[in-house]
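Sequential numbering of the sequence shown, starting at 1, is according to full-length UniProt numbering. Backbone N, C-alpha and C fix where the C-beta goes; we use that ideal spot for every residue, glycine too. Below you'll find the structure, written out as structure tokens, and then a few comments.
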Amino acid sequence: INNSSDLMLKYSPSLYKDKDEFFSVYLNWLEKEAGINLINTPVTLAPFAHSCNGGIKINTDSESSVEGLFAVGEISSAIEGANRMGGNSVGASLVYSRRAIMKSLKYKGENPRKDSSEKESEGLINGKSNLHRSSDFSVLREMMTRNAGIVRNKEGLCKTLEYINSLIHPLHNEKHTEYYHSLQTAKSMLLAMLARTESRGAHYRNDYPNRDNHNYRTEISFGKYEKEPVVKKIITEK
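Next comes the structure, spelled out in structure tokens:
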């Protein structure tokens, strides 16, 4: 690790002595086609969105904590947490999709549609986003990438959180909807990262290099209470 944003891989010279077909074919191709020798060429890791470690908390009928709102698939934290659509997660998505449909049909029958709610939401759904024109968001994207990526620490997270708090303002109209909720989402993520000191895997807290066995198996859950996100720690069985 060179700094807060660079993560380097170092390979042992014995790698090229392994004559296994899988290794030799790939290593020879890599050096011939790309001119990369993993022993002599520095390899830098960079973030890439692949799947989510977490998701919206649901019950066995795919219901979220918001009445009438269901979550299924990649966005939900179901049997094995949020995941990409492959392997076991496909089967889980089919099961929970059916449960969501059955429960939503029952909910619809018990809760007549309210025209006022539909009119209020129409402007929010069809409103044009102005995020791409915001210089604030350009700064925030850079700060989130640098301070809330693979390698993170309290100093960087608090600095980014302080910047977000300076941007958050009351929601005046539908044009500010995406702006406001994007800030709240980023804020919730940062609060969870600050609480998660035992990050050892897909992400890493370099200010907590030594494992704390008591808090190692800890799940982070958060919701919005009284206008502010509240983080909860759940100690799981060892």
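Nearest C-alpha to Arg217 among Ala195, Met189, Glu228: Ala195. The residue among Tyr179, Thr197, Gly201, Val72 with its C-alpha nearest the C-alpha of His214 is Thr197.
Judged by DSSP secondary structure, Val72 falls outside any alpha helix (DSSP H); it is assigned neither H nor E. Check the Cα spacing between Phe137 and each of Ile150, Tyr208, Glu178, Leu15: the tightest is with Glu178. Residue nearest to Asn40 within the set Leu94, Leu140, Ser12 is Ser12 (criterion: CA-CA distance).
For the pair Asp18 and Ser89, the Cα-to-Cα distance works out to about 35 Å. Annotation: the continuous beta strand (DSSP E) that includes Leu45 extends over 43–45. Bounds of the alpha helix (DSSP H) holding Tyr163 are 154–167. Linking Leu157 to Leu190 through their CA atoms gives a straight-line distance of about 6 Å. A direct Cα-to-Cα measurement between Asp212 and Lys232 gives close to 18 Å. Cβ-Cβ separation between Arg141 and His203: approximately 18 Å, too far for a contact (criterion under 8 Å).
Here the alpha carbon of Gly149 sits roughly 42 Å from the alpha carbon of Asn111. Thr145: member of the alpha helix (DSSP H) spanning 135–147, first to last residue. In the three-state DSSP reduction, Ser188 falls in the helix class (H, G or I).
In this structure, the alpha-carbon of Gly223 lies about 37 Å from that of Leu9. Judged by DSSP in its simplified three-state form, Ile101 adopts helix. Under the DSSP definition of a beta bridge, Tyr16 lacks any partner. When secondary structure is reduced to three states using DSSP, Leu183 falls in the helix class.
Cβ contact annotation for Lys187 (same chain, cutoff 8 Å, sequence separation greater than five): Leu161, Ile164, Asn165, Ile168, Pro229, in chain order. Residue pairing for Gly223: DSSP places it in a beta bridge opposite Val230. Around Asp207, the same chain offers Asn153, Lys154 as residues with beta carbons nearer than 7 Å, after the five sequence neighbours per side are excluded. Assigned with DSSP and collapsed to three states, Thr177 falls in helix. In the three-state scheme derived from DSSP, where H, G and I count as helix and E and B as strand, Leu27 is classed as helix. In the same chain as Met144, and ignoring 5 residues on each side of it, the C-beta atoms closer than 7 Å to its own belong to Thr160, Ala186, in chain order. Approximately 21 Å separates the beta-carbon atoms of Ser182 and Lys57; this is outside 8 Å, ruling out the contact.
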